[in-house]
Structures are given as structure tokens and as C-alpha cells.
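Just below is one structure, and these are the notes that go with it.
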Amino acid sequence: MKRQRIAEILRSAAVDTEVTVQGWVRTKRGNKNVSFIALNDGSCVANIQVVVDPTKIPEERLKPVTTGACIRVEGRLVKSMGSGQGVEVQADSIEIYGTADPESYPLQKKGHSLEFLRDIAYLRPRTNTFGAVLRIRHAMAYAIHEYFNRNGFYYFHTPLITASDCEGAGAMFTVTTLDLNNVPKTAEGKVDYAQDFFGKPCNLTVSGQLEGELGALALGRIYTFGPTFRAENSNTPRHLSEFWMIEPEMAFYELEDDMELAEDFLKSLIRYALEHCAEDLEFLNKMWDPGLLERLRFVVENDFKRLDYTEGIEILKASGRKFEFPCDWGCDLQSEHERYLVEEHFKRPVILINYPKEIKAFYMKQNDDGRTVRAMDVLFPKIGEIIGGSEREADYGKLSARVRELGMNERELWWYLDTRRWGSAPHSGFGLGFERLLLFVTGMTNIRDVIPFPRYPKNAEF
Ligand code: 4AD
Ligand code: MG
Numbered sequence: 174m175k176r177q178r179i180a181e182i183l184r185s186a187a188v189d190t191e192v193t194v195q196g197w198v199r200t201k202r203g204n205k206n207v208s209f210i211a212l213n214d215g216s217c218v219a220n221i222q223v224v225v226d227p228t229k230i231p232e233e234r235l236k237p238v239t240t241g242a243c244i245r246v247e248g249r250l251v252k253s254m255g256s257g258q259g260v261e262v263q264a265d266s267i268e269i270y271g272t273a274d275p276e277s278y279p280l281q282k283k284g285h286s287l288e289f290l291r292d293i294a295y296l297r298p299r300t301n302t303f304g305a306v307l308r309i310r311h312a313m314a315y316a317i318h319e320y321f322n323r324n325g326f327y328y329f330h331t332p333l334i335t336a337s338d339c340e341g342a343g344a345m346f347t348v349t350t351l352d353l354n355n356v357p358k359t360a361e362g363k364v365d366y367a368q369d370f371f372g373k374p375c376n377l378t379v380s381g382q383l384e385g386e387l388g389a390l391a392l393g394r395i396y397t398f399g400p401t402f403r404a405e406n407s408n409t410p411r412h413l414s415e416f417w418m419i420e421p422e423m424a425f426y427e428l429e430d431d432m433e434l435a436e437d438f439l440k441s442l443i444r445y446a447l448e449h450c451a452e453d454l455e456f457l458n459k460m461w462d463p464g465l466l467e468r469l470r471f472v473v474e475n476d477f478k479r480l481d482y483t484e485g486i487e488i489l490k491a492s493g494r495k496f497e498f499p500c501d502w503g504c505d506l507q508s509e510h511e512r513y514l515v516e517e518h519f520k521r522p523v524i525l526i527n528y529p530k531e532i533k534a535f536y537m538k539q540n541d542d543g544r545t546v547r548a549m550d551v552l553f554p555k556i557g558e559i560i561g562g563s564e565r566e567a568d569y570g571k572l573s574a575r576v577r578e579l580g581m582n583e584r585e586l587w588w589y590l591d592t593r594r595w596g597s598a599p600h601s602g603f604g605l606g607f608e609r610l611l612l613f614v615t616g617m618t619n620i621r622d623v624i625p626f627p628r629y630p631k632n633a634e635f
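Numbering (this note's numbering), first residue to last: 174 to 635.
Shown next, in the form of C-alpha cells:
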């Protein structure tokens, strides 16, 4: 018999056919004349109802079919007489693959809190909420590849182990095979990295951008899509220690083009979700966030506001609002400032550009004013910064001067600087935090709830 998933069976609603369904029991209820099993196989948020007649399948056989158990049912698809579902399965036989002892299985009732589920993250994909979130996560990953493929970008794989620090923030995880209990030292008493696996200090990448630029300066348009790692000790609902980032990098794009791409890209992803994840989005809208669908549609239908950092600061200062952190010209915006601009002042996504060079990374193109760079951050409602990007400094002299000025190691970055010596070109790019995008699309409020196995300080159990 053809294998069918519950989503397909419910969609086809081909009544009076023989079907086989396999999945995990969500609930079982009933009386001595009939039992109802709600079965879910992860293919959609809806369960299929299995109706069991005790004259066909004895009570004893049904006993181990409890919440969480995994079963296979063969039966007939019929029109349902109950409300809530169009079709149901009348069971002819039930096979039990795996039981789930009600005494110990943690996911008994509905409506567990997200905090509780975070503690049992290894089981939470079995809940309706995480099923919906993870299906949307998949759909967004697919839509990202589809978008870039359609627009002439090549998927470019950058290394996860690197010897460079792209963002210069210094919060990196070291990669080493040295024996930490017996670290080899040089004559000066420093760690002797010459004896380490790669012969030099290495770390997990914080961004694929620097290598991505090498790709763009050869293939024209590339994008990366992979995990990135940051060791900053930030326990916030918007930070992970391991998160996925999408980084397009384009030759011959200036800041304007970069902004255009970022806006079109985000809108197209959200439109994709509205079109292809309707059921899951409706579920999340109903269960967690009644403004979700409206917010998604609003972003798709309205232009983002483009604004200079300097104007942004003026608006914040004129707002009369008491912020927790000060916001004078030159300071890095906090989430509270970003959200004020987006949610209260402009009431739409904002692209903030031309930031002070002191608060941005070394590679950004310097403006003629000598104090700002051609940076762009895309700020979203509920999230704050969702994208960070810029036009890149393409001038060898200016770039190497900035590297020296910041006291960075010019010798470590020789290969990056070389791109500006040979066939340099204007180019731009940005990084979209995949989980920040998912926060927006799913309406979840904690970033730990949009990735199957979140990594954050003191948490790497499963
Ligand atoms: O602004 P960031 O640090 O920019 C870069 O890494 C650039 N190299 C990107 C580029 O131009 N190619 O990070 C980019 C985005 C942020 O806007 C945010 O969405 C996300 O990555 N992000 C995080 N997401 C989750 N947890 C963290 N700790 C994050 N740090 C940044
Ligand atoms: Mg940033």
C-alpha cells in the first residue's frame, strides 16, 4: 500500500478508501462502545481521528495505546460524523511500535508552558507549537535557497573553523586539540599554538562574510547559509551562542542596492510563509499571538522607512521618552531604541544607515565625512535588529589604514586585504539572523523557541 502522511490523507479526503496511518498518539478517549485516538505524524498541525470499535479491536490491545505511544493503524477513511474533522479512520487493525508509560512520559497534558518545554527540548518537537515552528523553519530555509537561486546567487560554503575575527567583537569559541590540563608554552610563557592542530590560534566563525567577499569578487553574487558562533555571555531572548546566518554578498552593489535587496528578500520570505505555511501560522496566531498574521501582512504590503543614523538619534532625543540606556550621537542603539523607532515612531520596519564608524566593524565603506560608514541595519517590530550589513571598503589604502588604526593584526588578514589589491570592486552584503527572522515569522518571543536545540550559556545538554 502507498505510504501516505496524515497531511496528504486529510487534504485528499478520499473517503471509502483503505488507508494506513503511522504516528504518535496525542490523546485517547472514549467509552466501552467506542474509542477515539487523535494521531499526529508531524506532517501537519491537525491530528487524524482514529475510531476504534471494541468488537473489532479488543480493549486489551488498546490499553497500551496511551498519549505519546507510536502506532500504525490500518483502516477505512470515512466521512466523520463528529464535528472538528471532515474525515476519520475506522480502524481495522492497530500495531504498536512503541509504548509511552503514562507514569513517566512528560508530555501528558496540553498547554505546557514554553519554559517547561525548553527543559525537555528533546521532546518538544512532538507538541503542536513546536511542530508548527519547525515546519515553518524548514519552509523558510527552503524559501531562502529558492529566492537566491531565482536571482542569480550561488550558494557559497564558507568555513566554520577560521583564524580570523570578522566582527572584531572578540567573543569567540576557541578550537583546539591541545591538552588543556597540560598546555605547551613558549619560552615567553605564552600558549604555544605552533603545537596545536592548525599550528595557530583558531576559532569557530562568527560570520562567513570575509570569505563570502572572496566568493562575490569572483562569482558576482553569492550567499552563505550556515551556523555561526558567538561566545558573548548574553542571556537575552534575542541571542543564541549558535545561530544560523544568511549572508549574501554582491559585487557591484552599492549601499542603495543592498537596501533594496534586503527589503525585497525579507518581503519575499514573509510572503512565502503566508502562502505556504498558512495552517501553521493560523495555529500560532490563535494560540500565542493574535496580531501575528496582521503584522506579517503589514510588512509585506508597506515600504520600509530609510533613515540616517543621525536623524534616528535626533528623533530618539526629541521623543521625550526615558530610555534605560542613553542614546547620544555615537552610541550603539539598544533594542529599546530600535523598537521605539519602528513600533512607535514610524510604525513600520526601518533601515538605518550611515552609522558612526566607531561602533561598526572595520570592513565598512568609509563616508567622506570621516566619521560615518556606509552601514545598514534593518530594524523590525518586536525584534529590533534583524539584518546587519554594509557596503564594503573597496579601497586598499583606506581599509589597511583602518585595520592598523584599530590595532588589528594586518598579517592575519593578508588574504582579505589582497582582494583590494587585485581587481577590487565596489561590493556590499548583509547578514540576516535566521532565528531572528523566525521570531518575526512565528510570533514566538524567545529565540530559544525557534531552533530545535538552542545553545546558550550553561546549556548544551541536548
Ligand atoms: O550584525 P551582525 O553581527 O553582522 C555580521 O555578522 C556581518 N558580518 C553580516 C554581514 O554583513 N555579512 O550579525 C548579523 C545578524 C544580526 O542582524 C542578527 O539578526 C543576527 O545576525 N545575530 C544573532 N542572532 C542570534 N543570536 C546572536 N547572538 C546574534 N548575533 C547576531
Ligand atoms: Mg549588527
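From the three backbone atoms N, C-alpha and C, an ideal C-beta is built for every residue, glycine too.
8 Å Cβ cutoff met for residue i and residue j
{"i": "Gly399", "j": "Leu307", "result": "no"}
{"i": "Ala294", "j": "Phe607", "result": "no"}
{"i": "Lys538", "j": "Glu566", "result": "yes"}
{"i": "His600", "j": "Leu390", "result": "yes"}
{"i": "Ile179", "j": "Val198", "result": "no"}
{"i": "Gly241", "j": "Leu280", "result": "yes"}
{"i": "Val251", "j": "Asp292", "result": "no"}
{"i": "Met137", "j": "Met432", "result": "Because the chain in this structure spans residues 174 to 635, residue 137 falls outside the shown range and cannot be described."}
{"i": "Ser492", "j": "Gly557", "result": "no"}
{"i": "Arg593", "j": "Asp622", "result": "no"}
{"i": "Pro298", "j": "Pro627", "result": "no"}
{"i": "Leu579", "j": "Phe535", "result": "yes"}
{"i": "Cys375", "j": "Thr350", "result": "no"}
{"i": "Ala264", "j": "Ile230", "result": "yes"}
{"i": "Thr200", "j": "Pro237", "result": "no"}
{"i": "Gly248", "j": "Val192", "result": "yes"}
{"i": "Leu428", "j": "Tyr482", "result": "no"}
Cβ-based burial, residue i [other Cβ within 10 Å; buried from 16]
{"i": "Met254", "result": "exposed"}
{"i": "Trp588", "result": "exposed"}
{"i": "Val246", "result": "buried"}
{"i": "Phe326", "result": "buried"}
{"i": "Ser563", "result": "buried"}
{"i": "Thr545", "result": "buried"}
{"i": "Pro554", "result": "buried"}
{"i": "Ser208", "result": "buried"}
{"i": "Leu612", "result": "buried"}
{"i": "Ile560", "result": "buried"}
{"i": "Trp417", "result": "buried"}
{"i": "Pro522", "result": "buried"}
{"i": "Tyr270", "result": "exposed"}
{"i": "His510", "result": "buried"}
{"i": "Arg547", "result": "buried"}
Minimum C-alpha distance to residue i - residue among the options
{"i": "Ile488", "options": "Trp502, Gly602, Asn324", "result": "Trp502"}
{"i": "Pro357", "options": "Ala211, Thr302, Gly372", "result": "Gly372"}
{"i": "Val223", "options": "Ile267, Lys205, Arg234, Gly215", "result": "Ile267"}
{"i": "Ala344", "options": "Phe402, Ala305, Lys363", "result": "Phe402"}
{"i": "Lys205", "options": "Asn324, Ala187, Val225, Val192", "result": "Val225"}
{"i": "Asn213", "options": "Pro237, Gln177, Arg234, Lys229", "result": "Gln177"}
{"i": "Asp542", "options": "Val551, Asn527, Phe535", "result": "Asn527"}
{"i": "Leu514", "options": "Arg494, Arg470, Ala367, Cys375", "result": "Arg494"}
{"i": "Ser277", "options": "Gly284, Tyr270, Leu296", "result": "Leu296"}
{"i": "Arg444", "options": "Leu457, Leu428, Phe471", "result": "Phe471"}
{"i": "His412", "options": "Tyr396, Glu436, Pro630, Lys175", "result": "Pro630"}
{"i": "Arg609", "options": "Glu583, Val576, Leu552", "result": "Leu552"}
{"i": "Ile317", "options": "Ile244, Ala446, Lys571, Glu517", "result": "Ala446"}
{"i": "His449", "options": "Tyr315, Arg202, Tyr328, Ala186", "result": "Tyr315"}
{"i": "Arg394", "options": "Ser414, Phe603, Val614, Ala633", "result": "Phe603"}
{"i": "Leu183", "options": "Gly203, Val262, Leu454, Ile210", "result": "Val262"}
{"i": "Ser597", "options": "Val576, Glu233, Gly570", "result": "Gly570"}
{"i": "Glu455", "options": "Asp274, Gly203, Thr302", "result": "Thr302"}
{"i": "Asn324", "options": "Glu288, Tyr396, Arg575, Lys283", "result": "Tyr396"}
{"i": "Leu235", "options": "Gly215, Gly203, Arg249", "result": "Gly203"}
{"i": "His518", "options": "Ile486, Cys504, Phe498", "result": "Ile486"}
{"i": "Ser286", "options": "Thr300, Met313, Asp274", "result": "Thr300"}
Residue i Cβ short of 7 Å to the ligand GTP heavy atom set
{"i": "Arg512", "result": "Questions concerning the ligand GTP fall outside what the structure shown contains, since the ligands it does hold are the ligand 4AD and the ligand MG."}
Proximity test, Cβ basis, 8 Å: residue i and chain C
{"i": "Tyr328", "result": "Absent from the structure is chain C; it holds one protein chain and no more."}
Contact the segment 362 to 379 vs the segment 326 to 345: 3+ CB pairs below 8 Å: Below 8 Å, enough C-beta pairs join the segment 362 to 379 and the segment 326 to 345 to call them touching: three or more.
Contact between the segment 380 to 394 and the segment 412 to 425 (3+ Cβ pairs under 8 Å): Pairwise C-beta distances place the segment 380 to 394 in contact with the segment 412 to 425, as three or more of them are shorter than 8 Å.
Inter-stretch contact (C-beta, 8 Å, three-pair minimum) for the segment 451 to 465 and the segment 616 to 624: At 8 Å Cβ cutoff, the stretches touch.
Contact between the segment 253 to 268 and the segment 213 to 223 (3+ Cβ pairs under 8 Å): Judged by pairs of C-beta atoms under 8 Å, the segment 253 to 268 touches the segment 213 to 223, as three or more such pairs exist.
contact_flag[the segment 466 to 484, the segment 434 to 443] where n(CB pairs < 8 Å) is 3 or more: Here the segment 466 to 484 lies against the segment 434 to 443, with 3 or more beta-carbon pairs under 8 Å apart.
Below 7 Å from a heavy atom of the ligand MG - residues by beta-carbon: Listed along the chain, these residues meet the criterion: Asp550, Glu558, Gly561.
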